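Novice:
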Amino acid sequence: MKLIEIKGVQFVNKGAELMLHAVIQQINKRWPEADIVLAPNPFSPYRKRCQVDAFQKLSLRKNRLDLNALADRLPKSIKHYLKHQWGIITEADIDLVLDASGFAYGDQWGALKAPHLAGELKRAKRRNQPYVFLPQAFGPFTRSSDRKYFSQSLPLATFIAAREKTSFDHLKGMIGESNNLHQYPDFTNLVEGAVPEHLCIADDTVLLIPNSNMINAKNTHMPEWRKRYVDVFKNAIDSIRELGLTPLFLNHEGDGDQAICEKINSLLEKPVEIIKLDHPLEVKGVIGAAKAVICSRFHGCVSALSQATPCLGTSWSHKYERLFEDYQFSEFLLSPKVSREQFKETLQAAMTADKQRSLKAKAAELKEISQSMWNHVEAAITGTE
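Every position in the sequence shown, counted from 1, becomes a number in our numbering once 75 is added.
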């Protein structure tokens with residue numbers, strides 16, 4: 076492999092950036108001579124892409140107009156010039172696509188996703204480019220146009236990994252018992268975090284990680300949270316302090332999450348400190364160093380559970396329920412109706428030694444499964460599975 080595109084990642088959402096680093100680590104291990112390619116988008120600015128030594132993907136697509144097939148017709152001399160003089164790679168020159176979108180295909184997302192992906196998969200098949208969907212959430216798919224595009228194109232992929240059973244069933248309902256369809260858990264559990272030197276996380280710290288999606292229109296999964304979310308977090312902070320612990324906000328994404336932190340703080344007599352870290356490995360390190368985590372960000376929950384840090388979660392998508400099931404921690408996924416006293420009891424139960432021991436054992440088991448997933452991907456790409 077010479078040029079590997081990592082698709083669907085970005086630098087604002089720390090979960091998406093953590094997936095980027097998780098993929099890079101495996102590329103360095105399995106295809107050490109390969110270069111990575113990233114497509115530009117508003118959340119992946121040029122300087123950030125350069126920091127991970129990525130070539131820049133040339134996208135010839137705007138809304139419904141997709142001209143990426145024209146890349147096949149460009150003379151080799153022009154493509155050579157673009158690569159070596161400007162660091163620009165066309166779609167036709169990519170040797171492997173690793174799609175790490177996390178959650179980008181389903182009813183919650185725009186109707187253009189399906190035709191764009193279908194075109195990309197058809198071109199990849201024609202070029203003999205392996206296209207791999209790393210473990211991610213899919214669906215539901217209720218739009219007839221989406222089902223048409225996905226049912227025709229997904230069988231062309233080299234490997235598809237649904238992150239949990241609900242996503243697997245959504246895909247199976249469209250493409251049937253396809254040989255390329257598999258189920259594996261989130262793969263960022265293999266990444267080791269590191270607490271930044273300038274930051275000291277006290278032993279009694281309980282991190283609070285909000286998510287703006289909990290209160291916006293995307294939350295059709297559990298809309299009761301839209302009214303209760305801020306109050307639940309406010310009550311959680313009061314309970315944490317009553318237990319003699321120290322609350323600390325961690326902004327896991329951007330301005331939307333920052334606004335929620337500030338809104339909750341406006342209701343408190345004593346505001347909670349808000350921290351924001353630039354590097355996802357530092358974010359994971361801080362989560363692992365905390366005594367417990369109250370989290371609404373999917374990869375914040377993964378980072379906690381995979382390091383055996385007690386985690387109380389909230390949900391705006393089926394992916395949260397399935398994640399907590401994977402770690403046998405479902406009882407600690409909060410209801411929007413949770414009272415202050417119920418929250419306190421739930422947090423205390425999550426922090427018991429027995430729960431932490433069982434969580435640690437489950438985390439180790441899931442890490443082994445993630446290693447197996449990467450071995451499976453490598454075999455599928457080389458045709459040796």
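Every residue, glycine too, gets a C-beta built ideally from N, C-alpha and C. Quantities reported herein were computed from a predicted structural model and do not represent experimental measurements.
Could you give the DSSP three-state label for ASP174: helix, strand or coil?
Specialist: Mapped onto the sequence shown, residue 174 falls at position 99. It is a strand residue.
Novice: Tell me where the beta strand (DSSP E) around GLN131 begins and ends.
Specialist: As a working note, residue 131 is residue 56 in the sequence shown. 130-132 is the extent of the beta strand (DSSP E) around GLN131.
Novice: Where does ASP330 fall in DSSP's three states?
Specialist: Residue numbering aside, residue 330 sits at position 255 when the sequence shown is read from its first letter. Reduced to three states, the DSSP call for ASP330 is helix.
Novice: Which residues in the same chain have their Cβ closer than 8 Å to the Cβ of LEU441, if we skip the five residues on either side of it in sequence?
Specialist: On the sequence shown, residue 441 is found 366 positions in, with the first residue counted as 1. Excluding residues within five positions, the ones whose Cβ falls inside 8 Å are PRO260, ASN264, SER381, ASP401, TYR402.
Novice: For the structure I just gave you, are there three or more beta carbon pairs, one from the region 152-162 and one from the region 180-192, closer than 8 Å?
Specialist: Output reads no: the region 180-192 does not touch the region 152-162.
Novice: Rounded to a whole number of angstroms, what is the C-alpha to C-alpha distance between VAL98 and ILE81?
Specialist: On the sequence shown, residue 98 is found 23 positions in, with the first residue counted as 1. On the sequence shown, residue 81 is found 6 positions in, with the first residue counted as 1. Near 8 Å, if we compare the C-alpha coordinates of ILE81 and VAL98.
Novice: Could you give the first and the last residue of the continuous alpha helix (DSSP H) run that contains HIS96?
Specialist: By one-based count along the sequence shown, residue 96 stands at place 21. From DSSP, the alpha helix (DSSP H) with HIS96 extends over 89-105.
Novice: Mind checking ARG124: buried by the 16 CB within 10 Å criterion, or exposed?
Specialist: As a first step, residue 124 is located in the sequence shown; it is residue number 49 there, counting from the start. Looking at its Cβ environment, which holds 16 or more other Cβ atoms inside 10 Å, ARG124 is buried.
Novice: Taking Cβ to Cβ, would you say LYS309 is nearer than 7 Å to ILE339?
Specialist: Within the sequence shown, the letter at position 234 stands for residue 309. Within the sequence shown, the letter at position 264 stands for residue 339. Cβ atoms of LYS309 and ILE339: closer than 7 Å.
Novice: Starting from the N-terminal side, write out each stretch of the beta strand (DSSP E) that is 3 residues or longer and does not extend beyond the region 367-424.
Specialist: Runs found: 367-370, 386-388.
Novice: If I'm right that VAL207 touches ILE456 with Cβ under 8 Å, what's the distance once you round it to whole angstroms?
Specialist: Here the question's residue 207 lines up with position 132 in the sequence shown. Here the question's residue 456 lines up with position 381 in the sequence shown. With 8 Å as the limit, VAL207 and ILE456 qualify as a contact, their Cβ atoms being about 7 Å apart.
Novice: Helix, strand or coil for VAL207? Go by DSSP, reduced to three states.
Specialist: Locating residue 207 in the sequence shown gives position 132, counting from the first residue. If DSSP states are grouped into helix, strand and coil, VAL207 belongs with the strands.
Novice: Should SER341 and ILE362 be called a contact, given that it needs their Cβ atoms to be closer than 7 Å?
Specialist: The residue given as residue 341 occupies position 266 in the sequence shown. The residue given as residue 362 occupies position 287 in the sequence shown. Going by C-beta atoms, SER341 is not nearer than 7 Å to ILE362.
Novice: Taking the C-alpha atoms as reference points, what is the distance between SER410 and THR389?
Specialist: On the sequence shown, residue 410 is found 335 positions in, with the first residue counted as 1. On the sequence shown, residue 389 is found 314 positions in, with the first residue counted as 1. Between SER410 and THR389, the C-alpha separation is close to 7 Å.
Novice: For GLU416, count neighbouring C-beta atoms within 10 Å of its own C-beta (all shown protein chains included) and say buried if the count is 16 or more, exposed if not.
Specialist: By one-based count along the sequence shown, residue 416 stands at place 341. Exposed, since its Cβ has fewer than 16 Cβ neighbours within 10 Å.
Novice: Do you know whose CA, among GLY331, ASP278, ASP110, lies nearest PRO322's CA?
Specialist: The count along the sequence shown starts at 1 and reaches residue 322 at position 247. Selected option, being the one with the closest Cα: ASP278.
Novice: Looking only at its chain, what residues have a beta carbon closer than 8 Å to the beta carbon of VAL347, apart from the 5 residues adjacent to it on each side?
Specialist: Taking the sequence shown and counting its residues from 1, one reaches residue 347 at position 272. Cβ within range, chain order: LEU283, ILE312, PRO322, LEU323, PHE324, CYS336, ILE339, ASN340.
Novice: In the DSSP assignment, what residue or residues form a beta bridge with ARG136?
Specialist: Along the sequence shown, one-based indexing puts residue 136 at 61. DSSP lists ASP141 as partners of ARG136.
Novice: May I have the straight-line CA-CA distance separating TRP161 from ASN138, to the nearest angstrom?
Specialist: Looking up residue 161 in the sequence shown gives position 86. Looking up residue 138 in the sequence shown gives position 63. Each residue's Cα considered, the two are about 25 Å apart.
Novice: Is the CB-CB distance between PRO210 and ASP182 below 7 Å?
Specialist: Taking the first residue of the sequence shown as position 1, residue 210 is located at position 135. Taking the first residue of the sequence shown as position 1, residue 182 is located at position 107. Their beta carbons are not under 7 Å apart, which means PRO210 does not touch ASP182 by this criterion.
Novice: If you follow the alpha helix (DSSP H) that GLN227 is in, where does it begin and where does it stop?
Specialist: Counted from its first residue, the sequence shown places residue 227 at position 152. Counting along the chain, the alpha helix (DSSP H) containing GLN227 begins and ends at 219-228.
Novice: State the beta-bridge partners of THR280 as determined by DSSP.
Specialist: For the purposes of this step, residue 280 is identified with residue 205 of the sequence shown, where counting begins at 1. Beta-bridge pairing links THR280 to THR321.
Novice: Please report the residue range of the alpha helix (DSSP H) in which ILE456 lies.
Specialist: Start at 1 with the first residue of the sequence shown, and residue 456 comes out as number 381. Element bounds for ILE456: 428-457.
Novice: On the criterion of 16 or more Cβ atoms from any shown chain inside 10 Å, does ALA439 qualify as buried, or is it exposed?
Specialist: Translated into the one-based positions of the sequence shown, residue 439 becomes position 364. Exposed is the call here.
Novice: Using 7 Å as the threshold, is the C-beta distance between GLY329 and VAL87 below it?
Specialist: Taking the first residue of the sequence shown as 1, we reach residue 329 at position 254. Taking the first residue of the sequence shown as 1, we reach residue 87 at position 12. Yes, these two residues count as a Cβ contact at 7 Å.
Novice: Using the rule of at least 16 other Cβ atoms within 10 Å of the residue's Cβ for burial, across every protein chain shown, is GLU108 buried or exposed?
Specialist: On the sequence shown, position 33 is the one that residue 108 refers to. By the 10 Å Cβ count, GLU108 comes out exposed.
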